[in-house]
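In my numbering, the protein residues as written are 1 to 252.
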């Protein structure tokens, strides 16, 4: 099986499609799947196109969707919207700074004025969107192959120490893990798997190149960061315009 792996595309559908086209995803005649390591929305303006593309692949059994912290943020925003509606509409919450509300507006296809007058309709439309109704429920905490583990932030752990039972972590522990800086977890704390490479997103790869690269202090290097026992994928697309994609071959 051939896996094409991306992370943290954040709503930049066209840039993602351009990268997948460049790397040969759409012309691949061999068995292949797309692994998305979370945070597929909340920056760009192409949320509706993104959800349509992802759902099509899901229906074709060609998508493995790892849940990211921004998928959690969408669920949180919908739950909190009735209580915090005025603050959200006026731009005063983390749902605005993280651009979660902006994605929800795109998915609802409603203006902000109409949302203020019809909050229940807004919540219903977003909850009934393909992204919230089909894709987020289909997202998983991690995916594992014989040689790789795919996560968003990092694997769950306690006190910066490896936990051999991380696969059985609670929902709360997984939510926390989706915010981890995986580069630090690997390099500074040695939270790694002996027999597998961990592929993660969430923390921009330029951080790894700058502090731990060879040579270090590289400026604005958003390429995948390959470390000992891990690969970091987040190209900080909203800032850099870069969508990283690696191709992995695994025996079925």
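Even for Gly, the Cβ is constructed at its ideal location relative to N, Cα and C.
Neighbour-count burial assignment, residue i, 16 or more Cβ in a 10 Å radius
i	result
residue 21	exposed
residue 217	exposed
residue 19	buried
residue 71	buried
residue 73	buried
residue 135	buried
residue 15	buried
residue 172	exposed
residue 77	buried
residue 165	exposed
residue 169	buried
residue 264	Any answer about residue 264 is impossible in this case: the structure gives the chain only from 1 up to 252.
residue 247	exposed
residue 167	exposed
residue 69	buried
residue 92	exposed
residue 94	exposed
residue 160	exposed
residue 137	exposed
N- and C-terminal bounds of the alpha helix (DSSP H) containing residue i
i	result
residue 249	Where residue 249 is concerned, there is no enclosing alpha helix (DSSP H), although the beta strand (DSSP E) it sits in stretches over 246–249.
residue 209	205–212
residue 53	47–59
residue 185	182–187
residue 105	100–108
residue 237	237–240
residue 117	112–117
Helix, strand or coil at residue i [DSSP, three-state]
i	result
residue 95	helix
residue 157	coil
residue 226	strand
residue 7	coil
residue 29	coil
residue 2	strand
residue 231	strand
residue 40	coil
residue 17	helix
residue 164	coil
residue 216	coil
residue 88	helix
residue 145	coil
residue 192	coil
Cross-strand partners of residue i (DSSP beta bridge)
i	result
residue 66	140
residue 122	According to DSSP, residue 122 bridges with nothing at all.
residue 169	DSSP, once it has assigned bridges, lists no residue as partnering residue 169.
residue 35	5 and 64
Segment limits, beta strand (DSSP E) that includes residue i
i	result
residue 25	Neither: residue 25 is in no beta strand (DSSP E) and is coded neither H nor E.
residue 149	148–150
residue 198	197–200
*When the Cβ atoms of the segment 54–70 are set against those of the segment 27–38, are three or more pairs found closer than 8 Å?*
With the rule of 3 Cβ pairs closer than 8 Å, the segment 54–70 counts as touching the segment 27–38.
*Evaluate the contact criterion for the segment 97–109 versus the segment 124–131: three or more CB pairs, one atom per stretch, below 8 Å.*
Enough Cβ pairs lie closer than 8 Å, so yes.
*Touch test, the segment 194–204 against the segment 137–157, Cβ-Cβ under 8 Å, three pairs minimum*: The segment 194–204 makes contact with the segment 137–157: 3 or more CB pairs, one atom from each, lie closer than 8 Å.
*Could you say if the segment 41–49 and the segment 77–93 meet the contact criterion of at least three C-beta pairs nearer than 8 Å?*
A contact between stretches requires three or more CB pairs, one per stretch, nearer than 8 Å, and the segment 41–49 fails this requirement with the segment 77–93.
*Are at least three pairs of beta-carbons, each pair with one atom in the segment 114–122 and one in the segment 135–144, less than 8 Å apart?*
These segments do not touch.
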